[in-house]
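Below: the structure, in structure tokens.
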Amino acid sequence: MKVGIIGTGFVGSATGYAMVLRNSCRELVLIDANRAKAEAEADDIQHATPVSHPVLVSAGTYNDLKGAKVVIVAAGVNQRPGESRLDLIGRNVGVFQSIIPNIVEAEPNAVILVATNPVDILTTITERIAHVQKGRVIGSGTTLDTARFRALVAEHVGVDAHHVHGYVVGEHGDSEVIVWSSATVAGMPIQDFCNARNIAWSESIREKISEHVRKAAYHIIQGKGATYYGIGAVLANITERILRDQRAILTVSETVDEYGVALSLPRLVGGNGVIANIGLSMNNEEKRLLQHSAEVLKTALASVK
Numbered sequence: 000m001k002v003g004i005i006g007t008g009f010v011g012s013a014t015g016y017a018m019v020l021r022n023s024c025r026e027l028v029l030i031d032a033n034r035a036k037a038e039a040e041a042d043d044i045q046h047a048t049p050v051s052h053p054v055l056v057s058a059g060t061y062n063d064l065k066g067a068k069v070v071i072v073a074a075g076v077n078q079r080p081g082e083s084r085l086d087l088i089g090r091n092v093g094v095f096q097s098i099i100p101n102i103v104e105a106e107p108n109a110v111i112l113v114a115t116n117p118v119d120i121l122t123t124i125t126e127r128i129a130h131v132q133k134g135r136v137i138g139s140g141t142t143l144d145t146a147r148f149r150a151l152v153a154e155h156v157g158v159d160a161h162h163v164h165g166y167v168v169g170e171h172g173d174s175e176v177i178v179w180s181s182a183t184v185a186g187m188p189i190q191d192f193c194n195a196r197n198i199a200w201s202e203s204i205r206e207k208i209s210e211h212v213r214k215a216a217y218h219i220i221q222g223k224g225a226t227y228y229g230i231g232a233v234l235a236n237i238t239e240r241i242l243r244d245q246r247a248i249l250t251v252s253e254t255v256d257e258y259g260v261a262l263s264l265p266r267l268v269g270g271n272g273v274i275a276n277i278g279l280s281m282n283n284e285e286k287r288l289l290q291h292s293a294e295v296l297k298t299a300l301a302s303v304k
């Protein structure tokens, strides 16, 4: 199956590379306003195929998206040191107003996967511009935050992260909500698992993990200027779930009628994008924080002209 990536900066290129290493698709088309950059990235990624998987990688134009099952949008400006994701709104909305109509014209049946920040706002904007079936515009949302959360818990308790289950919901940003109340390790509440294994667990440990999840991007950007490996792998994973109709539960972003803006919740994702929202058990404080996160996003969305 064919996948298109719009934008061959750090995130778009890392995503393409991850897809080749993971054998995510059969054909990959890279598109960028800088054609030479797209061609160079396509060549570089293609040269990895003899030692990975036989993916056809090329640079192209919007016309080459015809037949693509998924189109990943990673175009736009990057987050600067000290800048929040919401600070990017004004600089990236204009980019999307030119990109999205071209995608829909070239392949109206594609699932559009938004990766550019602020991802929740731009997912909402994309839905408004694209006018496609509900569920076919998806933001990467808090899938990376959820992965970070599970990785940190797994590291602390000493298990494979695949056996940690828990979600980060709301904004992909400073107001995101870590749903500790329903998080488990091997099917057990984290506190119970730690008690059984004589592992230290306390409010201070929990707060430290929460802080690391929320501030991970700031730390990485401060050190090397951008984040791209983690989100590249996450985007490849989401794409695979769609291409293979795997019916995975992922915290992707989509507009919630109750809030009037896109935000992340656990959702069933398959061949046509989002199939359904999945209920999540939260305590009253987590519900309050989710409402606050929605309000933060609504305020940001209202600033878009």
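Take the sequence shown: its position 213, counted from the start at 1, is 212 in numbering that gives the first Met the number 0, and no numbers get skipped.
For every residue, glycine included, the Cβ atom is placed at its ideal position computed from N, Cα and C.
In the structure shown, Met-0 adopts coil according to DSSP, grouped into three states. Its chain contains Val-167, His-171, Glu-175 and Val-212 as the residues whose beta carbon lies nearer than 7 Å to that of Asp-144, once the 5 sequence neighbours on both sides are disregarded; these appear in chain order.
Boundaries of the alpha helix (DSSP H) around Ile-128: 118-129.
For Ala-247, the closest C-alpha among the options Gln-290, Ile-277, Asp-256 and Asp-191 is that of Ile-277. Residue environment analysis places Gly-229 among the buried positions, since at least 16 neighbouring C-beta atoms fall within 10 angstroms of its C-beta.
Beta bridge pairing from DSSP links Pro-100 with no other residue. Per DSSP, the unbroken beta strand (DSSP E) holding Gly-138 starts and ends at 136-138. Between Ile-111 and Ile-220, the alpha-carbon positions lie close to 26 Å from each other.
The region 129-198 contains, as complete alpha helix (DSSP H) runs of 4+ residues, the segments 142-156 and 189-196 (chain order).
With respect to the 8 Å criterion, Val-2 and Ile-99 are not classified as neighbours on the basis of their beta carbons. Relative to the Cα of Gly-140, the nearest Cα in the group Thr-250, Asp-31, His-130 and Ser-203 belongs to Thr-250. Per the Cβ contact rule, the region 265-281 is in contact with the region 132-139 (3 or more Cβ pairs under 8 Å). Between the C-alpha atoms of Gly-89 and Arg-34 there is a straight-line separation of about 25 Å. Secondary-structure assignment with DSSP links Arg-266 through a beta bridge to Leu-249 and Asn-276. Cβ neighbours of Leu-300 within its own chain (closer than 7 Å, five residues either side excluded): Ile-120, Thr-123 and Val-260. Between the alpha carbons of Lys-65 and Glu-106 lies a distance of about 5 Å.
For the 8 Å CB-CB criterion, Asn-101 and Gly-75 do not form a contact.
The Cβ atoms of Arg-21 and Leu-55 do not sit closer than 8 Å to each other. Within the model, the alpha-carbon separation for Val-233 versus Ser-252 is close to 13 Å.
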